[in-house]
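Visitor: Take 60 as the starting number for the sequence shown in the numbering used here and just add one per residue.
Got a structure for you, questions after.
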Amino acid sequence: MDKKEIKKRLKELLKDKRYIHSLGVASVSRHLAENYGYADPDKAELAGLVHDCAKNLPLEKMQQLADEGRIPMDLALYNSKALLHGPAGSVLARKLFNITDEEILSAVYYHTTGHPDMQLLEKIVFLADYIEPSRDFPGVDNLRRLSEISLDKAVLAAYASTISHLLDTNAFIYPLTMEGRNDLLKKMEEGL
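What follows is the structure in structure tokens.
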């Protein structure tokens, strides 16, 4: 399926604000891919475009997709719309858009939580989701500037911002997010 058809389907699936967000993530993903030497900016753009394809689905539909995809997960992930839309989106992207590229599907799956040993495309989509032009929160402009200097430092700052926000609102912090942050920090300290 070509990008024009995917955009048409996404426009039907998503609320207007979420569709605009997805276009922004696609654009920033392409930019970051070009900036950090990712081999296929078109693929990065596609991953950014479809990253939230399941976002506006009801939780029950997300769970159904996760079950169909036989995705192993804990109850915290399975019962959270905010977290489950990534894994469910990876199944929906395969099913609805015929995307079979595992790198794209992994970037969709982990774009909200992150995880240890993130690959380049995963980092790109994770960060693009955080800093795309329609995002407006304290510190986002600093993150955008940092994203032009160091992808890893910007991803680490995005982790820190997310964790800080979750702490401030007394919200659950998904363990994979902490593990991803700690893994990246360790690798940066070791110069890997």
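Heads up, the beta-carbon is just placed ideally off N, CA and C, and yes, glycines get one too.
#1: Expressed to the nearest angstrom, what Euclidean distance is found between the alpha-carbon atoms of Pro234 and Pro131?
#2: Go ahead and pull the three-state DSSP assignment for Thr221.
#3: With distance defined between alpha-carbon atoms, name the residue in Ser223, Lys114, Met60 nearest to Asp188.
#4: If you reduce the DSSP assignment to three classes, tell me which class Ala152 lands in.
#5: Can you look up Ala103 in the DSSP assignment and give me helix, strand or coil?
#6: Cα separation between Ser81 and Gly107?
#7: In whole angstroms, what is the alpha-carbon distance linking Leu205 and Pro192?
#8: Return the first residue and the last residue of the alpha helix (DSSP H) that Asp75 is part of.
#9: Within the continuous alpha helix (DSSP H) that includes Gly239, where are the two ends?
#10: Thinking C-beta only, is Thr236 closer than 7 Å to Thr159?
#11: Checking 7 Å against the spacing of the C-beta atoms, do Tyr169 and Glu161 come in under that value?
#12: What is the DSSP secondary structure of Val113, counted as helix, strand or coil?
#13: Candidates Leu72, Ile65, Asp200: which alpha carbon is nearest Tyr85's?
#14: I'd like the list of long-range same chain contacts for Lys74, defined as Cβ closer than 8 Å, with 5 residues on each side in sequence excluded.
Guide: Based on what the coordinates show:
#1: Here residue 234 refers to the residue found at position 175 when the sequence shown is read from its first residue. Here residue 131 refers to the residue found at position 72 when the sequence shown is read from its first residue. For the pair Pro234 and Pro131, the Cα-to-Cα distance works out to about 15 Å.
#2: Locating residue 221 in the sequence shown gives position 162, counting from the first residue. In the displayed model, Thr221 falls within a helix according to three-state DSSP.
#3: Counting from 1 along the sequence shown, the entry for residue 188 is found at position 129. Comparing Cα-Cα distances from Asp188 to each of Ser223, Lys114, Met60, the minimum goes to Lys114.
#4: Your numbering for residue 152 matches position 93 in the sequence shown. Residue state, collapsed to three classes: helix.
#5: Here residue 103 refers to the residue found at position 44 of the sequence shown. DSSP places Ala103 in the helix class (H, G or I) of the three-state scheme.
#6: Indexing the sequence shown from 1 puts residue 81 at position 22. Indexing the sequence shown from 1 puts residue 107 at position 48. The alpha-carbon atoms of Ser81 and Gly107 are separated by roughly 7 Å.
#7: As a first step, residue 205 must be located in the sequence shown, where it is residue number 146. As a first step, residue 192 must be located in the sequence shown, where it is residue number 133. Whole-angstrom Cα-Cα distance: 15 Å.
#8: Translated into the one-based positions of the sequence shown, residue 75 becomes position 16. Start and end: 75-94.
#9: Taking the first residue of the sequence shown as position 1, residue 239 is located at position 180. First-last of the alpha helix (DSSP H) with Gly239: 234-248.
#10: As a working note, residue 159 is residue 100 in the sequence shown. As a working note, residue 236 is residue 177 in the sequence shown. Their beta carbons are not under 7 Å apart, which means Thr159 does not touch Thr236 by this criterion.
#11: Sequence index remark: in the sequence shown, residue 169 carries index 110 (1-based). Sequence index remark: in the sequence shown, residue 161 carries index 102 (1-based). Between Tyr169 and Glu161, the C-beta gap is not smaller than 7 Å, which leaves the two residues out of contact.
#12: The sequence position of residue 113 within the sequence shown is 54, counting from 1. The sequence given here places Ala at residue 113; Val does not occur at that position. Coil, per DSSP.
#13: As a first step, residue 85 is located in the sequence shown; it is residue number 26 there, counting from the start. It is worth fixing the name first, because residue 85 is Ala in this sequence and not Tyr. Just measuring C-alpha positions, the residue of Leu72, Ile65, Asp200 sitting nearest Ala85 is Ile65.
#14: By 1-based counting over the sequence shown, the position of residue 74 is 15. Cβ-Cβ distances below 8 Å link Lys74 to Asn115 in the same chain, with the five nearest sequence neighbours on each side left out; the list follows chain order.
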